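Single-structure report; data block below.
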C-alpha cells in the first residue's frame with residue numbers, strides 16, 4: 044500500500060517530467076525522484092530527444 048509520502052514523490056516526478064514538454068518527442072517525458080531512507084537524494088528528467096534519460 045502506498046503512503047502519502049510516496050504520492051508526494053510521484054507528484055514531484057510528474058512535475059519534473061513536465062520540463063521536457065515539446066523537447067522530448069518522439070520519446071516520452073520522464074521525471075525521476077530517488078529516495079533513500081525517506082530523503083530525496085536525486086532528481087532528474089528527460090531534457091531532450093537523443094539525450095540521457097532521467098531513469
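In my numbering, the protein residues as written are 44 to 98. Cβ coordinates follow ideal geometry from the N, Cα and C atoms, glycine included. These figures come from a predicted structure and were not determined experimentally.
Integer Cβ distance of residue i from residue j, believed to fall under 8 angstroms
| i | j | result |
| --- | --- | --- |
| residue 52 | residue 78 | 6 angstroms |
| residue 76 | residue 56 | 5 angstroms |
Between the CA atoms of residue j and residue i - distance to the nearest angstrom
| i | j | result |
| --- | --- | --- |
| residue 90 | residue 44 | 31 angstroms |
| residue 82 | residue 71 | 27 angstroms |
| residue 66 | residue 93 | 10 angstroms |
| residue 60 | residue 49 | 17 angstroms |
| residue 64 | residue 88 | 11 angstroms |
Opposing strand residues paired with residue i [DSSP bridges]
| i | result |
| --- | --- |
| residue 86 | 76 |
Extract the residue ranges of the alpha helix (DSSP H) inside the segment 44–68, only unbroken runs of 4 or more that lie entirely within it. 47–60
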